[in-house]
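The listed protein sequences derive, respectively, from chains A and B. The working numbering applies: residue 54 is where the first sequence begins, and numbers increase by one. The working numbering applies: residue 2 is where the second sequence begins, and numbers increase by one. Every residue, glycine too, gets a C-beta built ideally from N, C-alpha and C. What you are looking at is a predicted structure, and each value in this text was computed from that prediction instead of being measured.
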Amino acid sequence: MSDAENDHQNNQNNLEEGNSEELLFDPSLKKKKKKKNKVVFEDEVEQRADIEFQFEDQSDYPAPVPLVEENNETEENNEDDEMSIFADTKKKKKKKKEIVDKEVEEEEPAETTDFADLPRMKKKKKKTMTEFIAQLNDGVEDATRTEDDVFATDGEHVDKETKVEDAWLNSDRDYTYPELLGRVFHILRQNNPELAGEKRRYTIVPPAVHREGNKKTIFANVADICKRMHRQPEHVIQFLFAELGTSGSIDGAQRLIIKGRFQQKQLENVLRRYIVEYVTCKTCKSPDTILTKESRIFFQQCESCGSTRSVSAIKTGFKAQTEKRAAQRRAAAV
Amino acid sequence: MSAIQNLNVYDPFADTGEEEAGQPQGYIHIRIQQRNGRKTLTTVQGLPGEYDQKKLLKAFKKEFACNGTLVQDEELGQVIQLQGDQRLKVQNFLSEEGIDKNIIKIHGF
Ligand SMILES: [Zn+2]
């Protein structure tokens, strides 16, 4: 709410308070007001009571009436009765009716398609087509995503490709590019797999991360992950610390203790960036590379294509002071 | 993803963007640091000299509704410190100001 509005409201409140205060000071006025209020209220109650009475009257009528008047009218009255007494149920009935109507409406298109209603047919077909293509695209995207994901487990995406492959067979539409591509690779994989360029998918176990106490995180399988990446743990840990802006140590069981609270996903992201920067070959995307240090510069050499490139050094960069100054001074003094 | 991927000719001799190894200057580094509990701190290091950092800080503080300070580092020059994780906001702000997104490096988790 804006200040102006607030002010306005405050003013109003003040005015009202002022009025009531004035009334308090003037007993006669106050009485009048109260009386008025009461009267109005009573009126309302009376009105409501009237309504109730009306209903009761109506409900009372039919019982004596049928004997005197015609049957038709009594039926009507009975209906009125029901309406007045079971007003709620009547509403429910209405709702039910609406639902039924909806159901009928939903059923209708199917019926009309049975009657070969052409325009509707077309619409339906188009819808299913677009939906289908959307599904296809989703499937393709998912497949690439899992393929790119270093930490993902194997499986799934093969099924999706086969699904993609014969998806157009049952319809008279044209096949799409991804489908044809999928078909080519499927056949290629079946007949000569060495031509399909099937690379062994590069996977790494996800980091095993748990919390120690409130302020520390344990990264248990650093050693294993470093081994799989063919990198020195020191290099990886240096990168982790630089990226996370923190520090830590390795405990007796080769686990990395990181200061601060980090989730598995977060460490996964950092490791993924490490892999992109320091593990995969920029030329052929192979992860089979070795890192060597020559005169203070790191070089990455690819085992599969032989290319060499220099790699940027890990820089911690600016580190803000997060501890209390007093604690830091104490640490420096010790 | 382009419709016809085969036309994306891959050039093995193309720049990988990693030429300036060892001295990654000209980069703007946006980092995050954890403080106590859930609190975090965002640092912006290496902003181009033509920007008035004081004014930038003021704009950041107002735009992101956070507090911040300007820190003078002996080696790295002026560094902007902001409370909370403002990394993406800083990146968007800077790229909207016309700074090349490729020289902005976001660090952290
Ligand atoms: Zn290579």
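Assigned exposure category for Arg383/A - 16 Cβ within 10 Å defines buried: exposed
C-alpha gap between Gly305/A and Arg281/A, whole angstroms: 21 Å
CA-to-CA distance, Tyr230/A to Gly15/A, given in whole angstroms: Residue 15/A is absent from the structure shown; chain A starts at 54 and stops at 387.
Below 6 Å from a heavy atom of ligand 1 - residues by beta-carbon: This selection yields Cys334/A, Thr336/A, Cys337/A, Ser339/A, Cys355/A, Ser357/A, Cys358/A and Ser360/A.
Limits of the beta strand (DSSP E) - the one that Gly69/B falls within: Gly69 to Asp74
Helix, strand or coil at Gln243/A according to DSSP, with G and I counted as helix: helix
CB contact flag (Phe272/A, Leu309/A, <8 Å): yes
Top-ranked residue by Cα proximity to Lys268/A, from Lys40/B, Ile107/B, Lys90/B and Glu97/B: Proximity to Lys268/A across Lys40/B, Ile107/B, Lys90/B and Glu97/B peaks at Lys40/B, based on C-alpha coordinates.
is_contact[Gly69/B, chain A] using C-beta, thresh 8 Å: So no, Gly69/B is outside the interface.
Gln291/A versus Tyr52/B: straight-line alpha-carbon distance, rounded: 32 Å
Where Gly50/B meets chain A, residues with beta-carbon distance less than 8 Å: Those do not exist, as Gly50/B stays about 16 Å from chain A at its closest Cβ, beyond 8 Å.
Near-chain B residues of the region 285-298 of chain A (beta-carbon distance less than 7 Å), N- to C-terminal order: Glu296, Leu297 and Gly298
Backbone CA spacing between Ile278/A and Val329/A [nearest angstrom]: If you take the alpha carbons of Ile278/A and Val329/A, they lie about 15 Å apart.
Beta-carbon spacing of Gly109/B, Ile33/B below 8 Å: The beta carbons of Gly109/B and Ile33/B sit closer together than 8 Å.
Beta bridge counterpart(s) of Cys355/A as assigned by DSSP: Thr342/A
Cutoff 8 Å: Glu19/B Cβ touching any chain A Cβ: Residue placement at Glu19/B is poorly supported in this model, since its pLDDT is 45, which falls under 50; the coordinates still yield a value, given next. Closer than 8 Å: yes.
Below-8 Å beta-carbon distance, Arg36/B vs any chain A residue: yes
Residues that Arg314/A contacts on chain B, provided the C-beta gap is smaller than 9 Å: Gln35, Gly38 and Arg39
Other residues of its chain near Gln317/A: CB distance less than 7 Å, five sequence neighbours each side excluded: Pro259, Pro260 and Val262
Ligand 2 heavy atom lying under 7 Å from the CB of Lys318/A: Among the ligands in the structure shown, ligand 2 does not appear; only ligand 1 can be found there.
Outcome for Glu156/A when other beta-carbon atoms lying within 10 angstroms are tallied against a minimum of 16: Here Glu156/A scores only 47 on pLDDT, less than 50, and its place in the model should not be relied on; the value that follows carries that caveat. Result: exposed.
Asp86/B: contacting residues in chain A (beta-carbon distance under 9 Å): Under the 9 Å cutoff, chain A gives no residues; its nearest Cβ is about 12 Å from Asp86/B.
Leu95/B classed as buried or exposed, judged by whether at least 16 other C-beta atoms fall within 10 angstroms: buried
Neighbour-count burial assignment, Ala163/A, 16 or more Cβ in a 10 Å radius: Low local confidence applies: a pLDDT of 43 at Ala163/A is under 50, so the model's placement there is unreliable, with the coordinate-based value given in what follows. Ala163/A should be labelled exposed.
Beta-carbon contacts of Gln79/B that lie in its chain and below 8 Å, excluding the five residues immediately before and after: Leu48, Gln54, Leu71, Val72 and Gln73
Reduced DSSP secondary structure (H/G/I, E/B, other) of Gln285/A: coil
With 16 other Cβ atoms within 10 Å as the buried cut-off, status of Ala380/A: By the neighbour-count definition (other C-beta atoms within 10 Å, threshold 16), Ala380/A is an exposed residue.
Interface partners of Gly109/B on chain A, CB under 7 Å: Glu296, Leu297 and Gly298
8 Å contact criterion, which Thr361/A and Gln374/A should meet: CB distance rounded: Rounded, the Cβ-Cβ distance is 40 Å, inconsistent with contact.
Arg226/A classed as buried or exposed, judged by whether at least 16 other C-beta atoms fall within 10 angstroms: exposed
Counted within 10 angstroms of its Cβ, other Cβ atoms place Thr270/A as buried (16 or more) or exposed: Classification of Thr270/A: buried, given that the 10 Å Cβ count is 16 or more.
Length of the line joining the Cα atoms of Val91/B and Gly301/A: Approximately 28 Å between the Cα atoms of the pair.
Spatial neighbours of Pro286/A in its chain, beta-carbon cut-off 7 Å, leaving aside the 5 residues before and after: Val275, Ala276 and Cys279
Minimum Cβ-Cβ distance from Gln82/B to chain A less than 8 Å: yes
Ser365/A vs Ser339/A beta-carbon contact at 8 Å: Cβ distance not < 8 Å, so Ser365/A and Ser339/A don't count as in contact.
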